[in-house]
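One structure is given below, encoded as structure tokens.
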Amino acid sequence: MSFEPITIITSKVVRLQVDNIDTDRIIPARFLKSVDSSGFGENLFHDWRYQPDGSPNPEFVLNKPEGKGQILLTGKNFGCGSSREHAAWALYQYGFRVIISSGFADIFRTNALNNGLLPLEVDPDTLARLMEIHQADPFAIWTVDLPSQLLTANCQLPTADCRLPTAFEINPFRKQCLITGSDVIDYLAGLKPQIIEFEANHLI
Amino acid sequence: MKSKTLFDKLWDKHEVLSLDDGSSVIYIDRHFIHEVTSPQAFAGIEKRGLPFFRPDRAIATMDHNIPTIGQENPVMGAESSLQVARLTENCAKHGITLFGMTHPMNGIVHVIGPELGLTRPGMTIVCGDSHTSTHGAFGTIAFGIGTSEVEMVMASQCLLQRRPKTMRITIDGKLAAGITAKDLILYLISKLGTGAGTGYFIEFAGEAIRTLSMEGRMTICNMAIEMGARGGLVAPDETTFKYLVNREFSPAGMEWDQAVSEWKLLKSDSEAIFDREETFDASEMAPMITWGTNPGAGIPITGTIPDSDPKALSYMGWKGGEKIMDQKIDYVFVGSCTNGRIEDLREFASYVKGHKKADGVTAWIVPGSKKVETQARAEGIEKILNEAGFELREPGCSACLAMNDDKIPAGKYCISTSNRNFEGRQGPGARTLLASPLTAAAAALTGRISDPRRVVIPAEAGTPSHTTNGDE
Ligand code: SF4
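As given, the protein sequences belong to chains A and B, one line each in that order.
Start counting the first sequence at 862; every next residue gets the next number (the working numbering).
Start counting the second sequence at 13; every next residue gets the next number (the working numbering).
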């Protein structure tokens, strides 16, 4: 899937403070029947987001005024479970570009990176601090500066304290892909001469 | 020469390029494809104008989204039919072998690979499905990938991967009667946690693993992903070779001998260093069952439901501090790539033989493949099941992910031999309890969570002794 490059994202943050959110939560299997890669955003977090009769669940954060933004702040081990890339598509199509957590499941992390979503990993103490900041000022404007690898927040409430540890890590190759909106498929397809040479000596 | 783990040996053998940032371009020997995670990838290579690079290394099946009754005459929604039709078209267009519905070799991708001899020691194997880790039981590097990566493998037969860390989990001793591979893996996840394996590839070793059948080893590796691991593997040995010999796609004749002599070298060197080591004792393990909403929520069947997670308790409709034994169940699901193999059906059948399913319990017994279904019939398993009030369905993923019509209704309790008990996994509001086929059988006969060591003890093969469940 092609995606918009990411450079600097400035947005409110949506806080979903739950650990171990699995990809069945992000998008249940019954919404995976499409052969296209569009149309998944409306079913993001479906069974939390809608009541059994299909109406929006007013208790769920995406249905509240603070539920719109490009940055999702969430608990540890995000994206565990099924390998479904539909989870990354649903998050992206809803409008998220950055997910902040203290840990991502391996397959989800790769799926996110391949689809223009930045999995921004921080240590558990930093995550706790970010949650505090958001609690103090849910409407603060945060900035994720990918080229400089910096995360900052600007409080709207004079009483809130938005200072936070700012630097984050990311693999340089993956960073480049996100900034330029390119992906790994073209890179690998370009390696065919080496791959064919490898195959000549590789028996299975 | 530096000592190496089995994982390192396999990785190094498949490394096409090693990049400065520590990642590698890895060659993939076998690519399994199914109907749900492939259509966007096929469309992707076509849009880029790239050919399917190595169609002979890919094998396709339909499993996730197909009905498990009346497959000759599938009544499916428009979207599901389109998914199945699209896979058929794509495979025809790109020259890929497809085992479609009702084909004698059809089945759940992680059941048919090993069963047909398509999965072999020493390979790298991927599929757009997280439980690809199952194939690691044969001494392979096997892991699940997303659809973009499926497209990468279609386009180049390679993936760009960071080298995972290695962990070895050694399980000493042997499992006691009534305790299965499923209990072992649920025990490990409950002890180590669902995120313990993140970033790791796990080698399972020790006497308890060596004495397991291939089916048992597959159950263990299958659920390595539920610990967060990229995959799990077991070094191949005589049990592996005996399982593979004479399978449809296994090497034969001189090629077989040659292959076995190479496979015998596939083990970790005695001095090899793992990034992490854990050791457990099989004699401490009991039949396990999950009470909560992630696979780490396993407790011994004699245990008490903890009060640590109010959200999970409220979803499950339980109070902390209660015994899990004797809680009522509504559904039994036996199947999936974790426990849908012939050995699992044999275990279930030998347990229920001569007894009756409890009234009020709905049971779905879903073979993992067409071959398992056929074999279950030939061996008389279907007859035993029918006499005990059960029916054998047709193969597919079924209620493991509830993509087709096999959904557990909201609020109902399902004892399931599958691998995930996430909220809504088996249908919106469904309450899943993960357990072994034996524990599922015990519950199917009583309608309650029951200790398979107490209710019916299958003595020698197929001659169960009598039911004695205390206050039933
Ligand atoms: S049986 Fe379940 S876990 Fe296995 S491949 Fe099918 S959906 Fe996935």
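Glycine included, C-beta positions come from ideal geometry on N, C-alpha and C.
Closer than 8 Å, CB to CB, is residue i near chain B or not?
i                       : result
residue 890 of chain A  : yes
residue 1033 of chain A : yes
residue 960 of chain A  : no
residue 883 of chain A  : yes
residue 872 of chain A  : no
residue 876 of chain A  : no
residue 886 of chain A  : yes
residue 1042 of chain A : no
residue 869 of chain A  : no
residue 987 of chain A  : no
residue 935 of chain A  : no
residue 1027 of chain A : no
In three-state terms, what does DSSP make of residue i?
i                       : result
residue 1052 of chain A : coil
residue 1060 of chain A : helix
residue 159 of chain B  : helix
residue 293 of chain B  : strand
residue 896 of chain A  : coil
residue 1014 of chain A : strand
residue 354 of chain B  : helix
residue 268 of chain B  : helix
residue 491 of chain B  : Only positions 13 to 484 of chain B appear in the structure, and residue 491 of chain B is not among them; the question remains open.
residue 932 of chain A  : strand
residue 409 of chain B  : coil
residue 312 of chain B  : strand
residue 303 of chain B  : coil
residue 965 of chain A  : strand
residue 463 of chain B  : coil
residue 904 of chain A  : helix
residue 136 of chain B  : strand
residue 981 of chain A  : strand
residue 27 of chain B   : strand
residue 323 of chain B  : helix
residue 471 of chain B  : Confidence at residue 471 of chain B is low in this model, with a pLDDT of 43, below 50, so the placement of that residue is unreliable and no value is reported for it.
residue 368 of chain B  : coil
Who pairs with residue i in a beta bridge, going by DSSP?
i                       : result
residue 20 of chain B   : Residue 20 of chain B is not bridged to any residue.
residue 288 of chain B  : B:179
residue 173 of chain B  : B:36
residue 426 of chain B  : B:343, B:444
residue 111 of chain B  : B:73
residue 375 of chain B  : B:344
residue 1005 of chain A : A:870, A:1012
residue 141 of chain B  : DSSP output for residue 141 of chain B lists no bridge partner at all.
residue 917 of chain A  : A:911
Would a check of beta-carbon distances place residue i closer than 8 Å to chain A?
i                      : result
residue 345 of chain B : no
residue 30 of chain B  : no
residue 91 of chain B  : yes
residue 272 of chain B : no
residue 483 of chain B : Low confidence applies to residue 483 of chain B: its pLDDT is 36, below 50, so where it sits in the model is not reliable, and the reading given next is rough at best. So, not an interface residue.
residue 286 of chain B : no
residue 234 of chain B : no
residue 98 of chain B  : yes
residue 260 of chain B : no
residue 95 of chain B  : yes
Check the C-beta distance from residue i over to residue j and give it rounded, since I have them as a contact under 8 Å.
i                      : j                       : result
residue 181 of chain B : residue 214 of chain B  : 6 Å
residue 144 of chain B : residue 122 of chain B  : 7 Å
residue 875 of chain A : residue 928 of chain A  : 6 Å
residue 40 of chain B  : residue 171 of chain B  : 6 Å
residue 888 of chain A : residue 945 of chain A  : 7 Å
residue 359 of chain B : residue 440 of chain B  : Actually they are not in contact, since the Cβ atoms of residue 359 of chain B and residue 440 of chain B sit about 31 Å apart, beyond 8 Å.
residue 27 of chain B  : residue 35 of chain B   : Wrong, their Cβ atoms sit about 10 Å apart, outside the cutoff.
residue 167 of chain B : residue 1049 of chain A : 6 Å
residue 412 of chain B : residue 347 of chain B  : 7 Å
residue 329 of chain B : residue 319 of chain B  : At roughly 14 Å, the Cβ-Cβ gap does not stay under 8 Å, so residue 329 of chain B and residue 319 of chain B are not in contact.
For the ligand PLP, any of its heavy atoms closer than 7 Å to the Cβ of residue i?
i                      : result
residue 947 of chain A : Questions concerning the ligand PLP fall outside what the structure shown contains, since the ligands it does hold are the ligand SF4.
Just to confirm before moving on: does the CB-CB distance between residue i and residue j stay below 8 Å?
i                       : j                      : result
residue 327 of chain B  : residue 435 of chain B : yes
residue 1029 of chain A : residue 983 of chain A : yes
residue 299 of chain B  : residue 432 of chain B : no
residue 486 of chain B  : residue 233 of chain B : One cannot answer for residue 486 of chain B here, as it falls past the ends of chain B, which runs 13 to 484.
residue 247 of chain B  : residue 185 of chain B : no
residue 340 of chain B  : residue 240 of chain B : no
residue 981 of chain A  : residue 957 of chain A : no
residue 252 of chain B  : residue 226 of chain B : yes
residue 430 of chain B  : residue 345 of chain B : yes
Quick one: does residue i have its CB under 8 Å from some CB of chain C?
i                      : result
residue 245 of chain B : As a matter of chain content, chain C is missing from the structure shown, whose protein chains are A and B.
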